[in-house]
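Protein chains: 2
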Amino acid sequence: MSKQATLHPVLPPLPGEPAYLRIKRWVVEHIGAGKLRNGDQVPSESDLVRMFGVSRMTAHRALRELTSEQVLRRVQGLGTFVAEPKVASPMVAIRSIHAEIESRGHRHSSDVLKLERVKLGETDVPLALPEGTILFHALVLHRENGMPLQLEDRYVNPEVAPEFLRQDFSAITPGDYLVSVSPIWRAEHSIEATMPNRQVARLLKLKPDEPCLVLTRLTWSGNLPATFARLFHPGSRYRFTAEIQTR
Amino acid sequence: MSKQATLHPVLPPLPGEPAYLRIKRWVVEHIGAGKLRNGDQVPSESDLVRMFGVSRMTAHRALRELTSEQVLRRVQGLGTFVAEPKVASPMVAIRSIHAEIESRGHRHSSDVLKLERVKLGETDVPLALPEGTILFHALVLHRENGMPLQLEDRYVNPEVAPEFLRQDFSAITPGDYLVSVSPIWRAEHSIEATMPNRQVARLLKLKPDEPCLVLTRLTWSGNLPATFARLFHPGSRYRFTAEIQTR
DNA sequence: TGCTTGGACATGTATATACATGCTAGTTTT
DNA sequence: AAAACTAGCATGTATATACATGTCCAAGCA
Numbered sequence: 001m002s003k004q005a006t007l008h009p010v011l012p013p014l015p016g017e018p019a020y021l022r023i024k025r026w027v028v029e030h031i032g033a034g035k036l037r038n039g040d041q042v043p044s045e046s047d048l049v050r051m052f053g054v055s056r057m058t059a060h061r062a063l064r065e066l067t068s069e070q071v072l073r074r075v076q077g078l079g080t081f082v083a084e085p086k087v088a089s090p091m092v093a094i095r096s097i098h099a100e101i102e103s104r105g106h107r108h109s110s111d112v113l114k115l116e117r118v119k120l121g122e123t124d125v126p127l128a129l130p131e132g133t134i135l136f137h138a139l140v141l142h143r144e145n146g147m148p149l150q151l152e153d154r155y156v157n158p159e160v161a162p163e164f165l166r167q168d169f170s171a172i173t174p175g176d177y178l179v180s181v182s183p184i185w186r187a188e189h190s191i192e193a194t195m196p197n198r199q200v201a202r203l204l205k206l207k208p209d210e211p212c213l214v215l216t217r218l219t220w221s222g223n224l225p226a227t228f229a230r231l232f233h234p235g236s237r238y239r240f241t242a243e244i245q246t247r
Numbered sequence: 001m002s003k004q005a006t007l008h009p010v011l012p013p014l015p016g017e018p019a020y021l022r023i024k025r026w027v028v029e030h031i032g033a034g035k036l037r038n039g040d041q042v043p044s045e046s047d048l049v050r051m052f053g054v055s056r057m058t059a060h061r062a063l064r065e066l067t068s069e070q071v072l073r074r075v076q077g078l079g080t081f082v083a084e085p086k087v088a089s090p091m092v093a094i095r096s097i098h099a100e101i102e103s104r105g106h107r108h109s110s111d112v113l114k115l116e117r118v119k120l121g122e123t124d125v126p127l128a129l130p131e132g133t134i135l136f137h138a139l140v141l142h143r144e145n146g147m148p149l150q151l152e153d154r155y156v157n158p159e160v161a162p163e164f165l166r167q168d169f170s171a172i173t174p175g176d177y178l179v180s181v182s183p184i185w186r187a188e189h190s191i192e193a194t195m196p197n198r199q200v201a202r203l204l205k206l207k208p209d210e211p212c213l214v215l216t217r218l219t220w221s222g223n224l225p226a227t228f229a230r231l232f233h234p235g236s237r238y239r240f241t242a243e244i245q246t247r
């Protein structure tokens, strides 16, 4: 916690910028420029009062907000310090296939290949429900500008979505419909690379030897198992991406 | 945006609890109990002044903090409303291979296959640096209980880790070393499924026709491009997993 | 020497007040 | 009937002030 000598100059104010934002900007820019480093003490509220010609409450608000944003760390009686960067564990966000395609400015269409009732036990579905329970099953092929991009193989617990079979899944994807009717409380995901079986390869129009990127998803709504879904994607045309911004 | 009738009683104060926290608690408990629902208008600042006997600045602070926490949504001139729940986008966490293997109680070992200088341009590295820049290159095979699990192909900007080549990467993984010496500011990730080339297939001891799960990672430290890494995993023995808890 | 006390300092909370800004609805004007 | 204005209300920002609480350090005392 080393004290800095002179950190001026104070930033030129942007027109119409509130004073507390100007102070926040000054602090983060000094951190970004390396003039304030991890653990360094930042100017106290009364320092900022002198530097910026504001009241203490305004300086206080700037520092308090940066603290709630994890940029600073404050200790009463001691001072305010630059926080250690959080070990942001990189994450890959999984978005609705519909939203994703639309956000690229492309056209999303889908073919409903199956929409039926099945008995648990006839298929390999890891939903924690009694053997023989009736499940809804949907098999939907999603296309981007006509090209197959995702094959959705989904099993649904009728208790959480009784009207599932009556939906028009060329208008709303099964995934989007489910989040709209039943709140997801818990979910398990996994992403793997596999070679497709013949049906998957044919539907996704895969080249020979082209692998599949498979997202498997198991969700619960409250205590009820809600849905089990496998989303198959062509390995040559699909990837999960994420961009992380630490500060 | 429907107005509620009577939302009292005001909560009993907890001993020593600041007034603004008591107001925040009142709001979130009313939301949790369903007495305030999505889109409902919550009491205005002056309502809260009357209900809790505080000044407007105190009520303002409570509502402002809940707004920055995405619990409420405020519109100047109109009022404050319960925010729609954020569409919790499912995320897959990417962990250090070392931590991951250890957390399974297994033994992590690695072979350093290459540790060298290369010129940018001779290889296909998307780091935004001038052609001909010297880069550090490491090729490390990670094993879990002796079985190959990840092939790490990593290029590093010497500016962010000048001592990179002098490290013992059988003791610390290149990834873990880099986060320890240079703070990551931004990262791009992608996950894809590919068929491996012969070298990758041989090193990972892949069966014929076994695909690869590849995590590609590009990071920046400050304005500097820091590292480009491709992490190859055997499709049959590896997956990325995540568990999401919404509430 | 070791303990206590008090002062300086920094943050934490709360209030009263003032003025600015944005939205709505109703009224007046054109 | 359409357009312009205005009053009322709600939030947004800023200030001056007060007192509480936590930390550190140095002076005073046993």
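Sequence lines, in order, name chains Y and E.
Letter by letter, the first sequence follows residues 1 to 247 of my numbering.
Letter by letter, the second sequence follows residues 1 to 247 of my numbering.
From the three backbone atoms N, C-alpha and C, an ideal C-beta is built for every residue, glycine too.
Under DSSP, Asp-153(E) forms a beta bridge with Leu-139(E) and Arg-230(E). The stretch 21-34 of chain Y and the stretch 53-73 of chain Y touch, with no fewer than 3 CB-CB distances between them shorter than 8 angstroms. DSSP places Gly-175(Y) inside the alpha helix (DSSP H), whose first and last residues are 174-181.
Using a Cβ distance threshold of 8 angstroms, Ser-96(Y) and Asp-176(Y) count as a contacting pair. Around the Cβ of Gln-150(E), a 10 Å sphere holds 16 or more other Cβ atoms; the residue is buried. Relative to Val-42(Y), the option among Ser-55(Y), Ala-19(Y) and Val-75(Y) whose CA is nearest is Val-75(Y). The C-alpha of Leu-120(E) lies about 17 angstroms from the C-alpha of Arg-217(E). Legend: CB atoms of the stretch 211-224 of chain E lying less than 7 angstroms from CB atoms of chain Y belong to residues Pro-211, Cys-212 and Leu-213. Under the Cβ criterion (8 angstroms, minimum of three pairs), the stretch 147-161 of chain Y counts as touching the stretch 218-234 of chain Y. Neighbours of Met-195(E) in chain Y, taken as residues whose beta carbon is under 7 angstroms from its own, are Asp-209 and Pro-211 in chain order. If you check each beta-carbon in the stretch 46-61 of chain E against every beta-carbon of chain Y, none falls closer than 7 angstroms.
Rounded to the nearest angstrom, the gap between the Cα atoms of Gly-39(Y) and Leu-78(Y) is 13 angstroms. Interface criterion met: the Cβ of Ser-68(E) is under 8 angstroms from a Cβ in chain Y.
Contact note: Gly-235(E) reaches chain Y through Glu-192, Ala-193, Thr-194 and Pro-211, using a C-beta cutoff of 7 angstroms and chain order.
At least one beta carbon of chain E lies nearer than 8 angstroms to the beta carbon of Thr-241(Y).
Between Val-71(Y) and Ala-19(Y), the C-beta gap is not smaller than 8 angstroms, which leaves the two residues out of contact. Excluding sequence positions up to five before and after Tyr-238(Y), its CB lies within less than 7 angstroms of the CB of Leu-149 and Leu-213, all in the same chain and listed in chain order.
Contact between the stretch 97-115 of chain E and the stretch 135-149 of chain E is present: 3 or more CB-CB pairs across the two stretches fall below 8 angstroms. Pairing Leu-204(Y) with Ser-190(Y), the inter-Cα distance amounts to about 20 angstroms. With respect to Met-195(E), Pro-208(E) sits apart: the two C-beta atoms are not nearer than 8 angstroms.
Rounded to whole angstroms, the separation of the alpha carbons of Leu-66(E) and Ala-128(E) is 41 angstroms.
Note that the C-beta distance between Val-125(E) and Phe-228(E) is below 8 angstroms. In the structure shown, His-189(E) adopts extended strand secondary structure according to DSSP, grouped into three states.
Here DSSP, grouped into helix, strand and coil, assigns Thr-67(E) to helix. In the DSSP assignment, no residue is bridged to Leu-127(E).
Rounded to the nearest whole angstrom, the CA to CA distance from Gly-132(E) to Arg-117(E) is 11 angstroms. Apart from sequence neighbours up to five positions away, the residues of its chain that approach Ser-236(E) with a beta-carbon distance below 6 angstroms are Glu-210, ordered along the chain. Going by DSSP, Phe-52(Y) is part of the alpha helix (DSSP H) stretching over 45-52. In the displayed model, Gly-32(Y) falls within a helix according to three-state DSSP.
For Glu-102(E), the closest C-alpha among the options Asn-145(E), Glu-122(E) and Asp-47(E) is that of Asn-145(E). In chain order, Leu-204 and Leu-206 place their CB closer than 6 angstroms to the CB of Pro-234(E), counting only its own chain and leaving out the 5 sequence neighbours on each side.
The alpha-carbon of Arg-37(E) is positioned some 7 angstroms away from that of Val-82(E). Distances from the alpha-carbon of Glu-192(E) to those of Asn-197(Y), Phe-240(Y) and Leu-231(Y) put Phe-240(Y) closest.
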